[in-house]
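2 protein chains.
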Amino acid sequence: MSSILAVGSMAFDTIATPFGSHEKVLGGSVNHFSISASYFSKVNCVSVIGEDFPKDHLNLLNKRGVDTQGIKVAKGETFHWSGKYGYDLNEAETLATHLNVFENFSPEVPDSYKNSEFVFLGNIVPALQDKVLSQVSNPKFIAIDTMNFWIEGQRESLISVISKCHCLIINEGELRQLTKSFNIVTAANVISDWGPKLLVVKRGEYGAVLFNHGKIFSAPGLPLAEVKDPTGAGDTFAGGFMGYIASQPQFNLSESTLRKAIVYGSVMASFIVQDFGFKNLLPLTQKMIDERYQQFVALTAFHNI
Amino acid sequence: MSSILAVGSMAFDTIATPFGSHEKVLGGSVNHFSISASYFSKVNCVSVIGEDFPKDHLNLLNKRGVDTQGIKVAKGETFHWSGKYGYDLNEAETLATHLNVFENFSPEVPDSYKNSEFVFLGNIVPALQDKVLSQVSNPKFIAIDTMNFWIEGQRESLISVISKCHCLIINEGELRQLTKSFNIVTAANVISDWGPKLLVVKRGEYGAVLFNHGKIFSAPGLPLAEVKDPTGAGDTFAGGFMGYIASQPQFNLSESTLRKAIVYGSVMASFIVQDFGFKNLLPLTQKMIDERYQQFVALTAFHNI
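The listed protein sequences derive, respectively, from chains H and S. If you read the first sequence in my numbering, its first letter stands for residue 1, the second for the next number, and so on. If you read the second sequence in my numbering, its first letter stands for residue 1, the second for the next number, and so on.
What follows is the structure in structure tokens.
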């Protein structure tokens with residue numbers, strides 16, 4: 001089993017949806033990513049937290065095989081995001097972003113992480129994603145996520161770091177914004193020209209699309225009778241996706257591995273949206289994950305049935 | 001091969017998209033449905049046209065095996081719809097609806113159609129859909145489509161005719177509006193309680209979802225580098241869907257048949273959106289249809305590859 005170096009935010013999320021409101025639940029991109037990926041692989045975390053962050057949660061990450069020595073404790077408060085969703089849970093409206101300890105964050109990769117074969121650059125300032133890359137020695141697979149905020153404000157530096165990655169994982173709306181192309185196929189060509197030959201387009205409840213050197217794979221979302229909170233679904237998806245790839249006995253990016261990885265990402269995302277915070281993600285078992293994978297098989301089969 | 005009785009509009013469409021504008025191209029729900037279904041089955045058409053409707057087009061339908069004796073020629077002008085689309089081609093904005101000859105239309109089913117095993121009630125006034133049903137003798141499979149206009153103005157009479165059908169084919173947004181349920185799974189339960197145990201939810205470029213007695217199948221849309229005009233995609237989809245079911249050597253609504261039918265519907269829809277009017281639908285061959293079906297197989301396979 002290979003290990004994944006993941007950088008991103010540890011956060012408190014305050015979330016309002018039509019199905020309830022929750023104050024300061026644990027969240028953050030690298031938090032969601034790591035817990036999800038930990039069902040498949042070892043994860044090495046790089047992030048920063050304030051003094052108000054619960055130690056119990058770090059212990060819990062450790063118990064799940066997530067190495068947290070790269071998570072710095074800084075003076076001040078933990079990053080805090082507030083957002084709300086309407087009935088259309090596909091898009092969040094950001095109400096407030098308190099950077100707090102993230103304001104002066106400069107990621108330092110511990111020596112023991114530097115040989116990680118896989119790197120996930122979660123959604124933070126592009127320059128810091130780049131700084132992480134400069135500290136690792138020749139990883140086999142680098143994936144990057146981002147968001148509208150950086151596309152608007154730091155497009156050039158974002159494209160520069162994307163060009164160094166093998167895989168871009170991004171929301172459909174943000175892909176359009178980034179490439180200035182409305183069509184997903186032509187947008188994928190733009191990304192490929194910049195560098196990454198792998199593109200994963202996240203479409204919320206509509207699933208995800210993988211572009212791999214021109215080949216296309218489309219996976220649906222799992223129709224669920226109850227979706228409570230989509231916060232972190234994208235990072236949880238990325239965790240399942242990369243976790244599955246890293247879990248392969250031998251490193252490979254075959255079409256078969258990548259497609260199954262997309263489905264395992266969708267499996268993990270389908271769990272987290274069913275409740276607030278990590279409530280539904282933490283008690284998972286391999287059996288539950290495998291059963292839900294089989295639900296995706298049943299959901300999509302048509303040719304040989 | 002069984003025959004399908006299809007009722008709906010024959011129309012002129014005036015369409016503006018970011019990719020071009022076209023005045024009075026041939027369209028209409030039963031027109032799209034019939035041409036699409038004709039690649040699979042025999043179709044018997046019930047509709048009304050004005051004196052301005054080109055005879056050549058009726059000849060063309062006849063050549064494709066579509067029986068047009070149920071299409072009445074009335075004094076006046078043919079139904080004329082004008083609409084426009086933005087870059088998000090998933091939703092049309094209606095600019096004008098000139099009912100013209102449709103204003104006094106009362107569908108009469110020719111005797112030779114009355115034993116049709118399949119009935120498609122295209123999007124017209126619910127009372128007229130009901131009037132068609134009252135004229136047929138015990139069809140094996142009835143599918144119905146509708147639109148926001150009737151949901152808003154004639155909800156009760158619409159639900160009444162839906163309750164007599166086996167299958168509802170409807171846009172996702174209109175399903176929500178009709179059932180007053182935002183969630184697609186709970187909406188499907190509402191429809192099932194009303195009567196139809198089959199529900200096909202059309203999601204534009206995101207594909208289609210089939211609910212069959214509680215089982216769910218999700219098919220993607222085919223990612224296309226160029227989409228010019230989505231007008232009629234829904235009826236074209238319905239034509240492929242019902243056409244494939246009607247083409248079975250023996251009547252069956254097995255999960256296997258229904259799922260393949262959804263994919264053939266998606267195949268036909270993927271063709272029509274690539275150009276205005278019927279330009280891309282009329283020159284199809286069985287080989288082109290089969291090849292595109294295989295593209296859907298390649299697009300979705302993950303488990304046994």
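For each residue, glycine too, the CB sits at the ideal point set by N, CA and C. Given the structure is predicted, the values throughout are model-derived calculations rather than measurements.
Within the chosen definition, does the segment 135–147 of chain H reach the segment 157–174 of chain H through at least 3 CB pairs nearer than 8 Å? yes
Quick test of the definition: if touching needs 3 or more C-beta pairs under 8 Å, does the segment 243–259 of chain S touch the segment 269–282 of chain S? No: fewer than three Cβ pairs fall under 8 Å.
Measuring CA to CA, which of S:Y87, S:I305, S:F302, S:A6 is closest to E117 of chain S? S:A6
When H:A92, H:G277, H:T285 are compared against M10 of chain H, the one with the closest alpha-carbon: H:G277
Is it true that the CB of N100 of chain H sits closer than 8 Å to the CB of H80 of chain H? Closer than 8 Å, so yes.
Is it a yes or a no for the segment 226–235 of chain H touching the segment 216–230 of chain S, going by three-plus beta-carbon pairs under 8 Å? no
If distances are taken between C-alpha atoms only, which option among H:L128, H:G27, H:N252, H:V209 comes closest to V263 of chain H? H:V209
CB contact check: S270 of chain H to chain S, cutoff 8 Å: no
On the three-state DSSP scale, how would you describe S47 of chain H? strand
Quick one: Cα of N44 of chain S to Cα of S29 of chain S, how far? Our two residues, N44 of chain S and S29 of chain S, have alpha carbons roughly 14 Å apart in a direct line.
Can you pull the chain H neighbours of Y264 of chain S, defined as C-beta to C-beta under 9 Å? In chain order: nothing, as chain H lies at least about 10 Å away.
Cβ-based neighbour list, K72 of chain S, same chain, cut-off 6 Å, excluding 5 preceding and 5 following: Hits under 6 Å: V48.
Whole-Å CB distance - E146 of chain S paired with L133 of chain S, under 8 Å assumed: The sequence given here places Thr at residue 146 of chain S; Glu does not occur at that position. With 8 Å as the limit, T146 of chain S and L133 of chain S do not qualify as a contact, their Cβ atoms being about 14 Å apart.
Which residue comes first and which comes last in the alpha helix (DSSP H) that contains H57 of chain S? 55–63
Mind listing the chain H neighbours of N280 of chain S? Cutoff is C-beta to C-beta under 8 Å, in chain order. Residues of chain H passing the Cβ test: none, with the nearest at roughly 17 Å.
Check whether S2 of chain S and F237 of chain S have beta carbons under 8 Å apart: Not closer than 8 Å, so no.
Is P220 of chain H buried or exposed, if buried means 16 or more other CB atoms sit within 10 Å of its CB? buried
Mind pulling the chain H residues with CB within less than 9 Å of L178 of chain S? Residues of chain H passing the Cβ test: none, with the nearest at roughly 15 Å.
Could you confirm whether any beta carbon from chain S is found closer than 8 Å to the beta carbon of R64 of chain H? no
Using CA atoms only, rank isn't needed, just tell me which of H:S192, H:T300, H:V185 is closest to G207 of chain H. H:T300
Could you check what DSSP says for K279 of chain H in three-state terms: helix, strand or coil? coil
Taking only beta-carbon positions, decide if S218 of chain S is within less than 8 Å of chain H. yes
Are the C-beta of T300 of chain H and some C-beta of chain S separated by less than 8 Å? yes
So, does the CB of V326 of chain S fall closer than 8 Å to a CB anywhere in chain H? It is not possible to answer for residue 326 of chain S, since the shown part of chain S is limited to 1 through 305.
Boundaries of the beta strand (DSSP E) in which I144 of chain H is found, first to last residue: 141–144
To the nearest whole angstrom, what separates the beta carbons of F182 of chain S and Y85 of chain H, a pair I think is in contact under 8 Å? Not a contact, Cβ separation roughly 12 Å.
Give a yes or no on whether 8 Å exceeds the smallest Cβ distance from L224 of chain H to chain S. yes
With a Cβ-Cβ cutoff of 8 Å, do G83 of chain S and I15 of chain S count as a contact? Result yes, Cβ atoms of G83 of chain S and I15 of chain S sit closer than 8 Å.
Going by C-alpha to C-alpha distance, which of H:E291, H:V25, H:K131, H:E91 sits closest to I162 of chain H? H:K131
Between which two residues does the alpha helix (DSSP H) holding N189 of chain S run? Note, N189 of chain S: alpha helix (DSSP H), 184–194.
Indicate, with yes or no, if the ligand GTP has a heavy atom lying under 7 Å from the CB of A16 of chain S. Ligands in the displayed structure: none, and consequently the ligand GTP is not present.
Quick check on S254 of chain S: does DSSP put it in helix, strand or coil? coil
Whole-Å CB distance - E51 of chain S paired with K75 of chain S, under 8 Å assumed: 7 Å
Would you say D235 of chain S and G122 of chain S are within 8 Å of each other, going by their C-beta atoms? yes
Answer with buried or exposed for E174 of chain H, where buried requires no fewer than 16 other C-beta atoms within 10 angstroms of its C-beta. buried
For L26 of chain H, tell me which candidate among H:L128, H:V46, H:R292, H:L60 has the shortest Cα-Cα distance. When each option's Cα is compared against that of L26 of chain H, the closest is H:L60.
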